[in-house]
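These notes concern the structure reproduced below.
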Amino acid sequence: MKLLKAALITFIVLSAPAVTATAQHSQGDGHDHGHEHDMGQMQELESDAIKHSESLHQIPTKWVNQNSETKQIKDFAGEPLIVVMFYGKCTETCPMLIQRTWKLYSSLSEETQEKLNVLAVSFDYKNDTPEALKEYAEYEQLDLPGWHFVTADQTDIRQLATLLGVQYRERSDGHFDHSNLITVLDNYGNISRRIEGIIGDLNEDINYIETLTR
Amino acid sequence: MKFLILHITLLMLASGGLKAQSIQPSETDTVTIRIAGTMEESRFIPAEVEIQKGDLLKFVVEEGVHTVTAYHPDNRRSLGIPEKADSFDSGVLQKGQVWIYKPVITGEFNYFCRPHERMGHKGKFIVRSSDKNS
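Heads up: the protein sequence lines correspond to chains A and B, in order.
Position one of the first sequence corresponds to residue 6 (the numbering used here), numbered consecutively onward.
Position one of the second sequence corresponds to residue 691 (the numbering used here), numbered consecutively onward.
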């Protein structure tokens, strides 16, 4: 019996990568062009595997936006996504961070804007309800089709912040100390650019995002 | 040694004189608006001011983080400055920083501070035509 169990475990362990490799190979063109091609394909597959393993599309969180619609990050697969974390009643840097996000977005070509979404995630799960986020978006004239001001459970917000590298903590006065960071996810959901701070030139970032949609 | 002291004294006097000279001509045409306070205490001082066309407005941040931002669609707000005037936005200003703006047309200019707008941190300046510029 022990022998059978060991054999079964060995089989599962050995067969798992093979199954993965088969699944990845099925994404190729299905033709055999020899060893050189196989190596190239393997490298491509490896980078593809890395892309998928780090993808934020895997986050299962269901975010609720200002229109009370449920959104998951994977809903934006195939398109770049700008992610910014903020909170609505901030009287320090968030208004500038949102303005910087707007500046980045509005400087892109119309074609790119159409292919791109913005996910503005609030730290303040207590106050930034979908209704409050709606009011915020309308006040800021950012209640636009591609802009999603979202909330979720505290743990989901914390998880995303950790993955993005955004630090925050709630103060006793109800405000938050936090990093100021705009993150660009590529079409695969990988973090492809981090724009830190609330000042500075955005030209390189704009050019970079344009390349993601070509 | 005496020569050295004399030389340093002359240099100091000369630099002081230069400094005074560089400020003097613009002072008469410059109106200073202080930006004071933080959070709900934030305010422009004075909140309303009248100036002559050609004058400079000098915004000086005394504390906190603020902006001087025009009510203009470019800043995602309703138009609150003359239609023909260009929009303006100082960007982030921190304690000790100065931002200078020179209006080139007459009219009423309404502006706000981006972080504290909802707390009433707003200002207005009215630009009148003047004989010297007409």
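Backbone N, C-alpha and C define an ideal beta-carbon position, used for all residues, glycine too.
**Prompt:** If the cut is a Cβ gap below 9 Å, which residues of chain B does residue 204 (chain A) touch?
**Reply:** Along the first sequence, read from residue 1 onward, the residue named residue 204 (chain A) stands at position 199. Chain B residues near residue 204 (chain A): 781 and 782.
**Request:** Please report how far the alpha carbon of residue 41 (chain A) lies from the alpha carbon of residue 190 (chain A), in whole angstroms.
**Result:** For the purposes of this step, residue 41 (chain A) is taken as residue 36 along the first sequence, with counting starting at 1. For the purposes of this step, residue 190 (chain A) is taken as residue 185 along the first sequence, with counting starting at 1. For residue 41 (chain A), the predicted structure reports a pLDDT of 40, less than 50, and the residue's modelled location is therefore unreliable. A value from the coordinates is still provided. Between residue 41 (chain A) and residue 190 (chain A), the C-alpha separation is close to 32 Å.
**Message:** Suppose only complete runs of 3+ residues qualify. What are the beta strand (DSSP E) ranges in the region 164–209 of chain A, listed by chain order?
**Reply:** Within the region 164–209 of chain A, the complete beta strand (DSSP E) runs of at least 3 residues are 173–175, 181–183, 186–190 and 196–201.
**Item:** CB contact flag (residue 819 (chain B), residue 748 (chain B), <8 Å)
**Value:** What you label residue 819 (chain B) is simply residue 129 of the second sequence in a count that begins at 1. What you label residue 748 (chain B) is simply residue 58 of the second sequence in a count that begins at 1. For residue 819 (chain B) and residue 748 (chain B), no; Cβs fall outside 8 Å.
**Message:** Using DSSP's beta-bridge definition, name the partner residues of residue 784 (chain B).
**Reply:** By one-based count along the second sequence, residue 784 (chain B) stands at place 94. Beta-bridge pairing links residue 784 (chain B) to B:755.
**Prompt:** Do you know offhand how far residue 763 (chain B)'s Cα is from residue 769 (chain B)'s?
**Reply:** Reading the second sequence from its first residue, position 73 is the one you call residue 763 (chain B). Reading the second sequence from its first residue, position 79 is the one you call residue 769 (chain B). Each residue's alpha carbon lies about 6 Å from the other.
**Request:** Please compile the residues from chain A whose C-beta is within a distance smaller than 7 Å of the C-beta of residue 806 (chain B).
**Result:** Taking the first residue of the second sequence as 1, we reach residue 806 (chain B) at position 116. Here the neighbours are 96.
**Request:** With a 10 Å radius around its C-beta and 16 neighbouring C-beta atoms as the bar for buried, classify residue 71 (chain A) as buried or exposed.
**Result:** The residue labelled residue 71 (chain A) in the question sits at position 66 within the first sequence. Buried, because 16 or more other Cβ atoms sit within 10 Å of the Cβ of residue 71 (chain A).
**Request:** Can you pull the chain B residues whose beta carbon is under 8 Å from the beta carbon of residue 150 (chain A), in chain order?
**Result:** Along the first sequence, one-based indexing puts residue 150 (chain A) at 145. Result: empty, since nearest Cβ-Cβ is about 16 Å, beyond 8 Å.
**Message:** Rounding to the nearest angstrom, what Cα-Cα distance links residue 127 (chain A) and residue 92 (chain A) in this structure?
**Reply:** The sequence position of residue 127 (chain A) within the first sequence is 122, counting from 1. The sequence position of residue 92 (chain A) within the first sequence is 87, counting from 1. Taking the straight line joining both Cα atoms gives about 5 Å.
**Request:** Identify each residue in the region 737–756 of chain B for which the Cβ-Cβ distance to at least one residue of chain A is less than 7 Å, and report them in chain order.
**Result:** 755
**Prompt:** Between the region 102–126 of chain A and chain B, which residues of the former have a C-beta closer than 8 Å to a C-beta of the latter?
**Reply:** 104 and 107
**Message:** Could you compute how far the alpha carbon of residue 166 (chain A) sits from the alpha carbon of residue 211 (chain A)?
**Reply:** As a working mapping, residue 166 (chain A) is identified with position 161 in the first sequence. As a working mapping, residue 211 (chain A) is identified with position 206 in the first sequence. Roughly 23 Å separates the two Cα atoms.
**Request:** Just mark residue 216 (chain A) as buried or exposed, buried being the case when its beta carbon has 16 or more other beta carbons within 10 Å.
**Result:** The residue given as residue 216 (chain A) occupies position 211 in the first sequence. A residue is called buried when at least 16 other Cβ atoms come within 10 angstroms of its Cβ; residue 216 (chain A) does not meet this threshold and is exposed.
**Asked** What are the start and end residues of each continuous beta strand (DSSP E) run of 3 or more residues lying completely inside the region 94–155 of chain A, in chain order?
**Response** 122–127 and 152–155
**Request:** Grab the span of the beta strand (DSSP E) containing residue 81 (chain A) for me, first residue to last.
**Result:** Residue 81 (chain A) sits at position 76 when you count from the first residue of the first sequence. According to the DSSP assignment, residue 81 (chain A) belongs to no beta strand (DSSP E), since it is labelled neither H nor E.
**Asked** Quick one: is residue 766 (chain B) near chain A, going by C-beta distance under 8 Å?
**Response** The sequence position of residue 766 (chain B) within the second sequence is 76, counting from 1. Yes, residue 766 (chain B) counts as interfacial toward chain A.
**Asked** Name the chain B residues whose beta carbon is nearer than 9 Å to that of residue 168 (chain A)?
**Response** Taking the first residue of the first sequence as position 1, residue 168 (chain A) is located at position 163. By Cβ distance, chain B contributes nothing, its closest Cβ being about 27 Å from residue 168 (chain A), past 9 Å.
**Message:** On a Cα-Cα basis, can you pick out the residue from B:730, B:721, B:790 and B:719 that is closest to residue 812 (chain B)?
**Reply:** Sequence index remark: in the second sequence, residue 812 (chain B) carries index 122 (1-based). The residue with the shortest Cα to Cα distance from residue 812 (chain B) is B:730.
**Request:** For the region 142–162 of chain A and the region 111–125 of chain A, state whether three or more C-beta atom pairs, one from each stretch, are separated by less than 8 Å.
**Result:** Between the region 142–162 of chain A and the region 111–125 of chain A, the count of C-beta pairs closer than 8 Å reaches three or more; the two stretches touch.
**Prompt:** On the three-state DSSP scale, how would you describe residue 160 (chain A)?
**Reply:** Walking along the first sequence from the start, residue 160 (chain A) turns up at place 155. In this structure, residue 160 (chain A) counts as helix in the three-state DSSP scheme.
**Message:** I want to verify the contact list: residues of chain B whose CB lies under 8 Å from the CB of residue 201 (chain A), in sequence order.
**Reply:** Here the question's residue 201 (chain A) lines up with position 196 in the first sequence. By Cβ distance, chain B contributes nothing, its closest Cβ being about 14 Å from residue 201 (chain A), past 8 Å.
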